[in-house]
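Number of protein chains: 2
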Amino acid sequence: MKDGPNIVVIAALIGDHSRADILTALMADRAMTATELANLANISKATASGHLAKLLEAGLLTVEAQGRHRYYRLADEDIAQLLESLMGVAFRTGAVRLRSSPREPALRYARVCYDHLAGEVGVRVYDSLKRSDALIAAEDGLVLSECGSKRFLQLGIDLDKLRCRHRSFCRPCLDWSERRHHLAGGLGAALLARVLELGWAKRDKDSRIIRFHPQGHHALEQWLSAGT
Amino acid sequence: MKDGPNIVVIAALIGDHSRADILTALMADRAMTATELANLANISKATASGHLAKLLEAGLLTVEAQGRHRYYRLADEDIAQLLESLMGVAFRTGAVRLRSSPREPALRYARVCYDHLAGEVGVRVYDSLKRSDALIAAEDGLVLSECGSKRFLQLGIDLDKLRCRHRSFCRPCLDWSERRHHLAGGLGAALLARVLELGWAKRDKDSRIIRFHPQGHHALEQWLSAGT
DNA sequence: TAGATGGTTCGGCCAAGATCGAACCATGAA
DNA sequence: TTCATGGTTCGATCTTGGCCGAACCATCTA
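Sequence order for the protein chains is A and B.
Using our numbering, read the first sequence as starting at 1123 and increasing by one per residue.
Using our numbering, read the second sequence as starting at 1123 and increasing by one per residue.
Below, the structure is given as structure tokens:
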């Protein structure tokens, strides 16, 4: 009965307040230093250092040393997805925070999920792209169609550069708040980056919330409806 | 930074040896009594009872009292899927058991995932059904086609009875060992049940392993290739 | 070179929680 | 009714591991 991968170590690592704070933070920003993370989780640098070492050893994080800084990030997109799954279960079983944050509605509306757009807006984008056949469900995963490519190019996203990266190009990702899919993978990341670059929305400091400007929101809707 | 669902409670619950054993066991069998689970996890009944109460309160399990027995099971298919995700990460980050079980190859070959077939065989079934257009990826999830329905009926599976159940009818589920999808949902469960009923394979006692008889394996391949 | 800052290591403190035996309640069988 | 068995509750024990301050190393700046 004790066969299979050992889920205990991973779950136990995530099941600690400070480490969960660290992981959640890294789900938003791409990379952070040890002191940043220590402040964020309200622990001393010593404690944070210990936690980071453990997470590192378990393969949940990676580091990159730059000068005297060490930048930590999630090891893998899969880790981010696991965290989202956990949030999904936590959300549905009602394990919300004791003092449920006033920012929660905004978080449900639009947020960053690792590096792509999630929440109500993320799901709407995904649905719209599929409905207009820009994205097509294929054999194994998603495929960007001819007309879909055109639309992403219109937005100023260089698809060729994306495709030759190692990471998967486009992929659905389950949204914890909506219980439906949104767009992940390189394409999802590029889309979010472009939306921010165009000034359609901006990221909240110190949180995963994405705030759309009214005209940015309008522009996004325009782009979506252009395909139908 | 501390917005969103509280993943700590859920992860901490899973991140304990005994509780993880319990949850893993429940992923295999549909429902078990408290004493069975206690023996399985090598803990006293008292300890098990405490754990079960916690898991229950968190919404990870449900109970059903029958006479003087209390049958515990996973609350939800989502819980099973979360556990599979965890196994996926644990597997890939190399967090295998210290004394890796000799049964592991068999487990990777064919096992039960909650109530449906997983592992190499499960993935092959799924691929084959999709390739022959029995299963078709649609708007939101999977759909069983006309010819697909016919093939399941041939096997002696009552589709009408399945469809009117509450749970989702057919759904892809990510396989931790293969990193590809296999068939879940009511249809996946019915398929596994039928395979066992026909004597094509049988379940290992006290583990998630499914052992195919040579002729059962042959019959399954026959059924799969009938659609092409 | 000296000082400031980022980060890790060490030692000791302390609380959380996993564990068990024993007592206890409920149900079913004799 | 009496006994056996499934299951929970209680109290006590003890280990695990999170936490910090202080000392220390590394890197950058002046």
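By construction, the Cβ of each residue, glycine as well, lies at the ideal position given by its N, Cα and C atoms.
Because the structure is a prediction, the values reported are computed rather than measured.
With contacts defined by Cβ atoms closer than 8 Å, A1133 (chain B) and L1313 (chain A) do not form a contacting pair. Distance check between G1349 (chain A) and each of A:N1161, A:N1128, A:C1269 places A:C1269 closest, using alpha-carbon atoms only. Under the 10 Å beta carbon count, R1141 (chain A) is surrounded by 16 or more other beta carbons and is classified as buried. Less than 8 Å divides the Cβ of F1334 (chain B) from the Cβ of W1322 (chain B).
Looking from the CA of T1215 (chain A), the closest CA among B:N1128, B:V1234, B:A1228, B:V1245 belongs to B:N1128.
Within its own chain, the residues whose Cβ lies closer than 7 Å to the Cβ of S1299 (chain B), once the five positions on either side in sequence are excluded, are F1213, R1230, G1241, listed in chain order. Rounded to the nearest whole angstrom, the C-alpha separation of C1235 (chain B) and S1329 (chain B) is 11 Å. Distance check between R1289 (chain A) and each of A:L1145, A:M1154, A:A1187, A:D1198 places A:D1198 closest, using alpha-carbon atoms only. Per the C-alpha coordinates, the member of B:G1137, B:A1187, B:Q1276 positioned closest to L1320 (chain B) is B:Q1276. Within its own chain, the residues whose Cβ lies closer than 6 Å to the Cβ of G1244 (chain B), once the five positions on either side in sequence are excluded, are H1304, listed in chain order. For secondary structure counted as the alpha helix (DSSP H) over 4 or more consecutive residues, the segment 1306 to 1344 of chain A holds these complete runs in sequence order: 1307 to 1319.
Taking 8 Å as the cut-off, the Cβ atoms of L1264 (chain B) and R1301 (chain B) do not count as close. For the C-beta of G1216 (chain B), the chain A residues within less than 7 Å are, from N- to C-terminus, G1181. In this structure, L1174 (chain B) sits away from D1143 (chain B), with a CB-CB distance that is not shorter than 8 Å.
DSSP lists B:H1238 as the bridge partner or partners of C1235 (chain B). Annotated as distal: L1178 (chain B) and L1135 (chain B), with beta-carbon spacing of 8 Å or more. Among the residues of chain A, those whose CB is under 7 Å from the CB of F1213 (chain B) are P1127, following chain order. The contact set of G1137 (chain A) on chain B, defined by CB atoms closer than 9 Å, consists of I1129, V1130, V1131, I1132, A1133, A1134, L1135, I1136, G1137, D1138 in chain order. H1304 (chain A) is bridged by DSSP to A:C1295.
Distances from the CA of R1190 (chain B) to each of B:T1157, B:D1282, B:T1146 were compared; the closest alpha carbon is that of B:T1157.
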